[in-house]
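Quick notes on the structure that follows.
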Amino acid sequence: MSAFNAVDDEREIDRDEFTPGLEPQPTWCPGCGDFGVLKALKQALPEVGKTPEEVLTVTGIGCSGKLNSYLDTYGFHTIHGRSLPVARAAKLANPGVEVIAAGGDGDGYGIGGNHTMHTARENHDMTYIVFNNEIFGLTKGQTSPTSPKGHKSKTQPHGNTKTPIRPLSLALTSGATYVARTAAVNPNQAKEIIKEAIEHDGFAHIDFLTQCPTWNKDARQYVPYIDVQESDDYDFDTSSRREAQEMMTKTEEALYEGEVLTGRYYVDDESVSYQQQKQDIGEMPTEPLAERYFDDDYEWERSYDLLDRHK
Amino acid sequence: MTDDDLIWRVSGGSGDGIDSTSQNFAKALMRSGLNIFTHRHYPSRIRGGHTYVEIRASNDDVRSRGDGYNFLLALGDSFARNPKENAYYGNEELKPLSENLDDLNEGGVIVYDTGLLDEDDVAELDLEERAEENDWHLYPMDLREIAKEHGREVMRNTAGVAATAALLDMDLQHIKEIMTEAMSGDILDANVTILEDTYEDVKENTEMTHDLRAPTGEYESEQALLSGSNAIAYGAIDAGCRFIAGYPMTPWTDVFTIMSQNLPEMGGISEQVEDEIAAAALAVGASHNGAKAMSGSSGGGFALMSEPLGLAEQTETPLVLVEAMRAGPSTGMPTKPEQADLEHVLYTSQGDSQRVVFAPGNIREAYEQTRKAFEIAWDYQIPAILVYDQKLGGENTNVDVEFFNREPAPDLGSTLTEEELLEAAHDDSGKFKRFQHDPEENFEGVPEGVSPRSLPGQQAGRFLASGNEHNPMGHISEDPDNRVAQMDRRKRKKEAIRAELDEDSQQTYFGPEEAEYGILTWGSSQGAVKEAVDRLNENGHSVKALSVSDMMPYPVAEVTEWLESVDEAMVVEMNATAQFRGLTQKELGRFGDKLTSLLKYNGNPFEPAEVVEGFEANVNGGDTSDLQAQVRIEPAAGD
Numbered sequence: 001m002s003a004f005n006a007v008d009d010e011r012e013i014d015r016d017e018f019t020p021g022l023e024p025q026p027t028w029c030p031g032c033g034d035f036g037v038l039k040a041l042k043q044a045l046p047e048v049g050k051t052p053e054e055v056l057t058v059t060g061i062g063c064s065g066k067l068n069s070y071l072d073t074y075g076f077h078t079i080h081g082r083s084l085p086v087a088r089a090a091k092l093a094n095p096g097v098e099v100i101a102a103g104g105d106g107d108g109y110g111i112g113g114n115h116t117m118h119t120a121r122e123n124h125d126m127t128y129i130v131f132n133n134e135i136f137g138l139t140k141g142q143t144s145p146t147s148p149k150g151h152k153s154k155t156q157p158h159g160n161t162k163t164p165i166r167p168l169s170l171a172l173t174s175g176a177t178y179v180a181r182t183a184a185v186n187p188n189q190a191k192e193i194i195k196e197a198i199e200h201d202g203f204a205h206i207d208f209l210t211q212c213p214t215w216n217k218d219a220r221q222y223v224p225y226i227d228v229q230e231s232d233d234y235d236f237d238t239s240s241r242r243e244a245q246e247m248m249t250k251t252e253e254a255l256y257e258g259e260v261l262t263g264r265y266y267v268d269d270e271s272v273s274y275q276q277q278k279q280d281i282g283e284m285p286t287e288p289l290a291e292r293y294f295d296d297d298y299e300w301e302r303s304y305d306l307l308d309r310h311k
Numbered sequence: 312m313t314d315d316d317l318i319w320r321v322s323g324g325s326g327d328g329i330d331s332t333s334q335n336f337a338k339a340l341m342r343s344g345l346n347i348f349t350h351r352h353y354p355s356r357i358r359g360g361h362t363y364v365e366i367r368a369s370n371d372d373v374r375s376r377g378d379g380y381n382f383l384l385a386l387g388d389s390f391a392r393n394p395k396e397n398a399y400y401g402n403e404e405l406k407p408l409s410e411n412l413d414d415l416n417e418g419g420v421i422v423y424d425t426g427l428l429d430e431d432d433v434a435e436l437d438l439e440e441r442a443e444e445n446d447w448h449l450y451p452m453d454l455r456e457i458a459k460e461h462g463r464e465v466m467r468n469t470a471g472v473a474a475t476a477a478l479l480d481m482d483l484q485h486i487k488e489i490m491t492e493a494m495s496g497d498i499l500d501a502n503v504t505i506l507e508d509t510y511e512d513v514k515e516n517t518e519m520t521h522d523l524r525a526p527t528g529e530y531e532s533e534q535a536l537l538s539g540s541n542a543i544a545y546g547a548i549d550a551g552c553r554f555i556a557g558y559p560m561t562p563w564t565d566v567f568t569i570m571s572q573n574l575p576e577m578g579g580i581s582e583q584v585e586d587e588i589a590a591a592a593l594a595v596g597a598s599h600n601g602a603k604a605m606s607g608s609s610g611g612g613f614a615l616m617s618e619p620l621g622l623a624e625q626t627e628t629p630l631v632l633v634e635a636m637r638a639g640p641s642t643g644m645p646t647k648p649e650q651a652d653l654e655h656v657l658y659t660s661q662g663d664s665q666r667v668v669f670a671p672g673n674i675r676e677a678y679e680q681t682r683k684a685f686e687i688a689w690d691y692q693i694p695a696i697l698v699y700d701q702k703l704g705g706e707n708t709n710v711d712v713e714f715f716n717r718e719p720a721p722d723l724g725s726t727l728t729e730e731e732l733l734e735a736a737h738d739d740s741g742k743f744k745r746f747q748h749d750p751e752e753n754f755e756g757v758p759e760g761v762s763p764r765s766l767p768g769q770q771a772g773r774f775l776a777s778g779n780e781h782n783p784m785g786h787i788s789e790d791p792d793n794r795v796a797q798m799d800r801r802k803r804k805k806e807a808i809r810a811e812l813d814e815d816s817q818q819t820y821f822g823p824e825e826a827e828y829g830i831l832t833w834g835s836s837q838g839a840v841k842e843a844v845d846r847l848n849e850n851g852h853s854v855k856a857l858s859v860s861d862m863m864p865y866p867v868a869e870v871t872e873w874l875e876s877v878d879e880a881m882v883v884e885m886n887a888t889a890q891f892r893g894l895t896q897k898e899l900g901r902f903g904d905k906l907t908s909l910l911k912y913n914g915n916p917f918e919p920a921e922v923v924e925g926f927e928a929n930v931n932g933g934d935t936s937d938l939q940a941q942v943r944i945e946p947a948a949g950d
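Residue numbers (my numbering), protein chains in the order written: chain F, 1 to 311; chain W, 312 to 950.
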């Protein structure tokens, strides 16, 4: 008998269940791209059969960090840049829980960049959504790791001299096994990509373009967008690292030239998640660790039985 | 120390197997019925560099290193750098002999390997002359040659152990047993031959001039030889901890390694991750999701844990961290002990500290207090930190096996089941009130201030955990009334923890209750203080000691009562700025004129004689001009 009956609950789910009675109305600015992520999640979760109480949404700090204030699941609003290490431990301790991590481009590509790289290479079975608006929003408009070269802000008054991070390439190189880019202005594609990411067995990285109408006025609204899978202009194999890499490079460069390319870039259908690999070598229990603490019959191992080596 | 104690020092270079040789020899001495205490000195280097392990073996219940030592087995440094003229590191090859002469007691024995130590170099040490002055007994032997004859050169350690046993008149039985348990095949055969041949050879052909012999003893019950790091790991295992995340750093790595080697067989999980921020954040994530989890590091790594530590405080996520202190600041002296991270551990991370900090003083306390840390952390939903040091982590002592024969305690504390969650309070939209202002009114039997929690995946339990200040459902709130209610509730928890700890004190008392003077100490300096107190009383002083373990919340009532009972007290600690004395004065708000300090921060732990000497200088008006030890006395306020 499970102590976690929300996990794999088979009942019908209404998307309204994901709207919290406490804060039904987000405090994001009118026109903010973050609404698009919220909406896509509310649509995707019921469609993949997830109930609010079997989902844990782990966020960082920034406008994006408030996602789990407005999405009614179990939530953990952590600290700047640290959503991923919290999230991946959640998946190790209680693998039945559906773990979604989210944060902004400063959170995931700046202060938490090291965690992004390492979580991707470990290939944890989870979804990571980066709200990429190419700016620091909540702190009022500073240059971010994805701001274009030359971008002027209060903290870079003469323009940004740094080359922006290449989010898709970073994820691929680090070891993510599902890499996609979508945009708030493209809700249907966003929903489908989130569904695929959730169902993917491994680390699914979504670079989610979320326009900031307040602090990044001169930036594109990410329209018109092109879906690289739909377009006849692009033809590449998403299971090939080499072709994916080429397409990612093109996409990352195109964004700064005003062309918004989106879609799936790399999908490794053979991916074996970190949890599975750890179980295969005997470094993770096959029964969720969290369940054991509720099992009154479990015989807990004792140090008393380890003492032979010390006698 | 009784005169019968054997204090054996084996010295060589890093990578020469000094540690494992000493471990085996210590075990053999323990099996012969003696109490054991070991002290390890090593450089931050993989190959080469002077290292030694000291084993004290006694019929008495020794819990500290002794004063000096009385038997040196100097093996030579096989990985020494070639000395260039004027190189600041000098002749490394010779250091296992030359560096250890100053501490050798009168009547001491020296065995050194002439196979590795150059005769001309040794001659420059004026060894014969010094031996005569100090009544040392020299036994040069070509251990390398003996080892080569029967096996390989590296087996010279075995030849050295055999020579030790022969010179101390020890039986080979236990040494052979341990070899048989640790080795097999040709390696075992070769080692046994070397052991037996060397032993016989020394017995027959060496003229023994020294009086020192190995003491003999007998136990009433079976003993286990283990380190402070073992005790911490075993305390965690017995508390039901099955998740650890970490990043290697000396000396914390020992705990991390022991846990990582044991957890998989127990269905637990160990994660070595990218940095210490991640390590502590993983422990928070695992705990939030239902595992009893821990992490830890040493000073520099612990600094990185400030953020997740604060997150655990604010989200009331149970967590145990360990901090293995080494000499700082910054990289400091990575392999040397110091007690200078106390303030760091108490106050790091923004906002008011909301944590529990224990500093165990010996190996048994390390085990007990690790269990207690888990119990408090999970009952009260608060991070609990064990602060110890390179000394306690690395020293080995014998513990009664039955000490560990007790029930495991995997309980998740104030965590609700789904049935209980269905009965609990929710807001109108079904969100569980995880952070209630007055949980005492709604839940029976929870400790004061504790609002019971749910775990992701449980039905009827969803809530938001946030590092921001939050309302009862966990949502971000900056409402002043809510803020005060939440802060006050979290403060109530700490008061309740203090009350609970007062019921069964974790502080340790030594010496006669009615004594005139006091010695106050904390953490791993306890052993040296304990022995010093015995000696001071034998010398006619009237002294008692209090070794404090609870650093936060501080045991105000207990320490106040004790300080009121003495005329003066000297605070003994291994740091330069008297951190524990400062904490005591801050917490008690008085006694500034009663407290002097004895401080040591040269990278080596206190020897009992240094505490005795420091104390005597102190009671004689604080005149330090005659002090032999590298210690410092800090007068009381107003003196």
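Note that beta-carbon positions come from the ideal geometry of N, C-alpha and C, so glycine has one too. All values derive from a computational prediction rather than experimental measurement.
Cross-strand partners of residue i (DSSP beta bridge)
i: isoleucine 135 of chain F; result: Paired residues: none, contrary to the question.
i: glycine 324 of chain W; result: W:His361
i: valine 465 of chain W; result: Paired residues: none, contrary to the question.
i: methionine 605 of chain W; result: W:Ile555 and W:Val631
i: leucine 415 of chain W; result: W:Tyr380
i: serine 581 of chain W; result: W:Ile555
i: tryptophan 215 of chain F; result: None; tryptophan 215 of chain F has no bridge partner.
i: glycine 104 of chain F; result: F:Phe131
i: glutamine 156 of chain F; result: F:Ser153
i: leucine 831 of chain W; result: W:Leu857 and W:Val882
Nonlocal neighbours in the same chain, by C-beta distance under 8 Å from residue i, ignoring five residues either side
i: alanine 947 of chain W; result: Glu879, Gly903, Asp904, Lys905, Leu906 and Thr907
Residue i (DSSP reduced to helix, strand or coil)
i: isoleucine 61 of chain F; result: coil
i: serine 174 of chain F; result: helix
i: proline 619 of chain W; result: helix
i: histidine 748 of chain W; result: coil
i: threonine 19 of chain F; result: coil
i: lysine 804 of chain W; result: helix
i: glutamate 223 of chain F; result: The sequence as given places valine at residue 223 of chain F; glutamate does not occur at that position. Coil.
i: isoleucine 111 of chain F; result: helix
i: isoleucine 674 of chain W; result: helix
i: tyrosine 658 of chain W; result: helix
i: tyrosine 304 of chain F; result: helix
Residues near residue i in its chain [Cβ-Cβ closer than 7 Å; skip 5 each side]
i: threonine 564 of chain W; result: none
i: glutamate 417 of chain W; result: Asn445 and Asp446
i: aspartate 711 of chain W; result: Ser532 and Gln534
i: glycine 106 of chain F; result: Gly62, Phe136, Ser144 and Pro145
Expected contact under 8 Å - CB spacing of residue i and residue j to nearest Å
i: glutamine 769 of chain W; j: phenylalanine 4 of chain F; result: 6 Å
i: glutamate 585 of chain W; j: histidine 115 of chain F; result: 7 Å
i: aspartate 305 of chain F; j: glycine 202 of chain F; result: Aspartate 305 of chain F to glycine 202 of chain F, Cβ: 37 Å. No contact.
i: valine 179 of chain F; j: tyrosine 266 of chain F; result: 4 Å
Contacts around residue i, its chain only, beta-carbon distance under 6 Å, and the 5 residues preceding and following it disregarded
i: glutamate 301 of chain F; result: none
i: histidine 485 of chain W; result: Ala339, Arg342 and Ser343
i: valine 631 of chain W; result: Met605, Ala684, Phe685, Ala688 and Ala695
Proximal residues, the stretch 2-35 of chain F versus chain W, C-beta separation under 7 Å: Ala3, Phe4, Asn5, Ala6, Val7, Pro20, Gly21, Leu22 and Glu23
Contact list for the stretch 589-618 of chain W against chain F, Cβ threshold 9 Å: Ala589, Ala590, Ala591, Ala592, Leu593, Ala594, Val595, Gly596, Ala597, Ser598, His599, Asn600, Gly601, Ala602, Lys603, Ala604 and Glu618
Interfacial residues, the stretch 106-121 of chain F to chain W, with Cβ spacing under 7 Å: Residues of the stretch 106-121 of chain F whose Cβ lies closer than 7 Å to any Cβ of chain W, in chain order: Asn114, His115 and His118.
Against chain W: residues of the stretch 298-309 of chain F by CB proximity under 7 Å: Trp300, Glu301, Arg302, Ser303, Tyr304, Leu306 and Leu307
Near-chain F residues of the stretch 691-719 of chain W (beta-carbon distance less than 7 Å), N- to C-terminal order: Only those residues of the stretch 691-719 of chain W whose C-beta falls short of 7 Å from the nearest C-beta of chain F are listed: Val712, Phe715, Asn716 and Pro719.
Where the stretch 177-211 of chain F meets chain W: residues whose CB sits under 9 Å from a CB there: none
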